[in-house]
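A.B. asks:
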Amino acid sequence: MDCPKCRSEMDGVEVHGVTIKRCHQCKGLWFDRAKHEYLRKVKDSRSIDDGDPAVGRTYNAKDQILCPDCSAPMIRMVVPDQHHIWYESCSKCFSVFFDAGEFKDYVRKDLVDIIQDLFTPER
Ligand SMILES: [Zn+2]
Ligand SMILES: [Zn+2]
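Each number in this note's numbering corresponds to the 1-based position in the sequence shown with 367 added.
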């Protein structure tokens, strides 16, 4: 499967018995069928997000993408309790894509996130 953002190959990465996909180049993370919600509650799952957040931010701007699994358009979403995290979700198969650095942020909500939300415009 190719990365929906940079078109590089994605590798399977296993964490706590769950396999997700990580892009070779931009290190974006792909979670099929909303596995990110389960992994958010799993300890140490943030280690799968080993990309450079600066690279992730450049790809964050690219948000008109098609699902690499079922080719449906992906919808731009925000994390309900962390408005500064923008991700993409498939309208058909509920798979989601996080840019490098976003998943790490997603699993750990702290004071910095609360402050960042105050300054993030509505999507
Ligand atoms: Zn990529
Ligand atoms: Zn899909």
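Yeah, the Cβ is synthetic: ideal placement off N, Cα and C, and Gly gets one too.
By the three-class DSSP mapping on this structure, what secondary structure does Pro423 have?
C.D. replies: In the sequence as presented, Pro is not what sits at residue 423; that position holds Gly. Helix.
A.B. asks: Checking the sheet assignment: what are the DSSP bridge partners for Cys457?
C.D. replies: In DSSP, Cys457 forms a bridge with Met441.
A.B. asks: How many Å lie between Ala428 and Cys460 at the Cα?
C.D. replies: Ala428 and Cys460: Cα-Cα distance of roughly 23 Å.
A.B. asks: Going straight from the alpha carbon of Val385 to that of Val446, what length do you get?
C.D. replies: The alpha-carbon atoms of Val385 and Val446 are separated by roughly 21 Å.
A.B. asks: Could you give the first and the last residue of the continuous alpha helix (DSSP H) run that contains Leu406?
C.D. replies: Looking at the DSSP string, the run of the alpha helix (DSSP H) that includes Leu406 is 402 to 407.
A.B. asks: Whole angstroms are fine: how far does the CA of Trp453 sit from the CA of Lys402?
C.D. replies: Their Cα atoms are separated by approximately 17 Å.
A.B. asks: Taking the alpha helix (DSSP H) that Asp472 falls in, what are its first and last residues?
C.D. replies: Note, Asp472: alpha helix (DSSP H), 469 to 474.
A.B. asks: Give me whichever residues DSSP pairs with Leu433 in a beta bridge.
C.D. replies: Answer by DSSP bridge pairing, in chain order: Pro440.
A.B. asks: With a threshold of 6 Å, establish whether the CB of Gly384 neighbours any heavy atom of ligand 1.
C.D. replies: No - ligand 1 has no heavy atom lying nearer than 6 Å to the Cβ of Gly384.
A.B. asks: What are the start and end residues of the alpha helix (DSSP H) that includes Ile482?
C.D. replies: Start and end: 478 to 485.
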